[in-house]
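Enquirer:
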Amino acid sequence: MAISFDNQDINTIMLTRKYLKKKILYPETKFRHHVQERAHVLDCVKRTVENGESNSLLLLGPRGSGKTTLINSVLTELSSTKNFQDNALIVNLHGLVHTDDRLALKDATRQMQLEHASEGKVFNTFAENLTFLLDCLKVKSRFSHRQIFLYPGDTSESETPISAVEDRLELFKELLTLPEDENVNETEQANKDCNIDPKFRAIWNKQIVNLADNPTVQNVLKMMHKHDGIERKFRNFLAVVISSLGNNHKELEVDDFVKASKMFSPNTKVLMLEVLSVLEMCLIIAMKHETEIYDGEPLNFEKVLSRFLKFASRTSAMESVQRPVIMKAFEHIKVNILKLYLLYLYIFESLPDNIFLLTEFRVDNTNRASFTN
Numbered sequence: 001m002a003i004s005f006d007n008q009d010i011n012t013i014m015l016t017r018k019y020l021k022k023k024i025l026y027p028e029t030k031f032r033h034h035v036q037e038r039a040h041v042l043d044c045v046k047r048t049v050e051n052g053e054s055n056s057l058l059l060l061g062p063r064g065s066g067k068t069t070l071i072n073s074v075l076t077e078l079s080s081t082k083n084f085q086d087n088a089l090i091v092n093l094h095g096l097v098h099t100d101d102r103l104a105l106k107d108a109t110r111q112m113q114l115e116h117a118s119e120g121k122v123f124n125t126f127a128e129n130l131t132f133l134l135d136c137l138k139v140k141s142r143f144s145h146r147q148i149f150l151y152p153g154d155t156s157e158s159e160t161p162i163s164a165v166e167d168r169l170e171l172f173k174e175l176l177t178l179p180e181d182e183n184v185n186e187t188e189q190a191n192k193d194c195n196i197d198p199k200f201r202a203i204w205n206k207q208i209v210n211l212a213d214n215p216t217v218q219n220v221l222k223m224m225h226k227h228d229g230i231e232r233k234f235r236n237f238l239a240v241v242i243s244s245l246g247n248n249h250k251e252l253e254v255d256d257f258v259k260a261s262k263m264f265s266p267n268t269k270v271l272m273l274e275v276l277s278v279l280e281m282c283l284i285i286a287m288k289h290e291t292e293i294y295d296g297e298p299l300n301f302e303k304v305l306s307r308f309l310k311f312a313s314r315t316s317a318m319e320s321v322q323r324p325v326i327m328k329a330f331e332h333i334k335v336n337i338l339k340l341y342l343l344y345l346y347i348f349e350s351l352p353d354n355i356f357l358l359t360e361f362r363v364d365n366t367n368r369a370s371f372t373n
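Residues 1 to 373, numbered by the UniProt record's numbering, are exactly what the sequence shown covers, in order.
#1: What would DSSP say about asparagine 55, mapped onto helix, strand or coil?
#2: Ignore the nearest five residues each way along the sequence and tell me which others in asparagine 83's own chain have a CB closer than 7 Å to its CB.
#3: On the DSSP bridge list, what partners appear for histidine 98?
#4: Which residue from Ile71, Leu20 and Asp100 puts its Cα closest to that of cysteine 44?
#5: Relative to the C-alpha of leucine 176, which residue among His332, Asn92 and Trp204 is closest?
#6: Which of the three DSSP states is assigned to histidine 249 in this structure?
#7: Suppose you measure from the CA of methionine 223 to the CA of asparagine 210; what does that come to, to the nearest Å?
#8: Between the Cα of arginine 38 and the Cα atoms of Lys21, Thr76 and Thr16, which residue gives the shortest distance?
#9: Using 8 Å as the threshold, is the C-beta distance between isoleucine 293 and isoleucine 24 below it?
#10: Looking at the structure shown, is phenylalanine 237 part of a helix, part of a strand, or coil, going by DSSP?
#11: What span of residues does the alpha helix (DSSP H) with glutamate 319 cover, start to end?
#12: Using only the alpha-carbon positions, how far apart do isoleucine 285 and phenylalanine 308 sit?
#13: To the nearest whole angstrom, what separates the beta carbons of alanine 164 and glycine 229, a pair I think is in contact under 8 Å?
#14: Pairs of beta-carbons, one from the segment 98-113 and one from the segment 63-70, closer than 8 Å: are there three or more?
#15: Give me the Cα-Cα distance between leucine 245 and histidine 225, rounded to the nearest whole angstrom.
#16: Would a C-beta distance cut-off of 8 Å place lysine 173 and alanine 212 closer than the cut-off?
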């Protein structure tokens, strides 16, 4: 790369690493995409505070789609207004902690500071207790049910719709670039005394742009997004890359991203084998031996059975297995590895046009299962 960091002060490098790690890992309130859904939530919460409505919102979406970030961004925006500060009280409940109504109401009472108001009172049902707490806060009785669905990677509501991979590339540059302001904390209030030299910021940001344009880095980001599109894992991946910076490694390189991606990429061979039983693993070993001896010739059940029996006869600790059981295990191997192999091709490679014509099972010298017609 044309840019050199050899003459940079190690304190500047470590300060950059510290700032970027906090920028990547700290909980964010900035919400991207889902513009219409966010506006809906913002309006509903705002009317709840300003008009005293008792609105209900059910936020649905898969893990990593941005449900918590959406709520936090709305509350952060509203909390800056005086009306919200004077008339709103936020109660935080967690489904894994507050596992029943009693625990939820107890913690809600504590957060609303109504322990003295409910002390000594006996409630027969959950509804009576909740009604009492709401009456203490003088909340109106109007109630409505709404559901909002969040889909990961949905950019249809944005002003300039882009693909999910392009969006991930933009996030890559956003998280790794240093702000142009002299004091980085005027953008991110993490370190009040974190000042980075403007010349170094320009060099660093140019390097990040070059990395984002590198085909190898783009392929790494594309493959990771295909495997798992959750932003949280992508941030963890970038944190691992940033952590490699140090006294002997002052700049980010393409190899840093390639090495870090291996920690977050699945081992397809392990995925193929972890669903197999001990007998099926022995048959896999027998198939491997057979292909090594006969130079990759196609296999059938009789060849595999013969090799397996020779393998089993060499050890007295192995119990005898009946032929129908071995046949069933052989069929199970073909079914499971075919499914996993097709999934592997779909995710990581291009799917061949004649994939459904492949009928005969074989194992090649690279230890990867394959099929021949």
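From the three backbone atoms N, C-alpha and C, an ideal C-beta is built for every residue, glycine too.
Expert: With the structure as the only source:
#1: strand
#2: Val49 and Glu50
#3: The partner list for histidine 98 (beta bridge, DSSP) is empty, contrary to what the question assumes.
#4: Ile71
#5: Trp204
#6: strand
#7: Methionine 223 and asparagine 210: Cα-Cα distance of roughly 19 Å.
#8: Thr76
#9: No, Cβ-Cβ distance for isoleucine 293 and isoleucine 24 is not below 8 Å.
#10: helix
#11: For glutamate 319, there is no enclosing alpha helix (DSSP H), as DSSP marks it with neither H nor E.
#12: 8 Å
#13: 7 Å
#14: With contact defined as three or more Cβ pairs closer than 8 Å, the segment 98-113 and the segment 63-70 are not in contact.
#15: C-alpha separation (whole angstroms): 24 Å.
#16: yes
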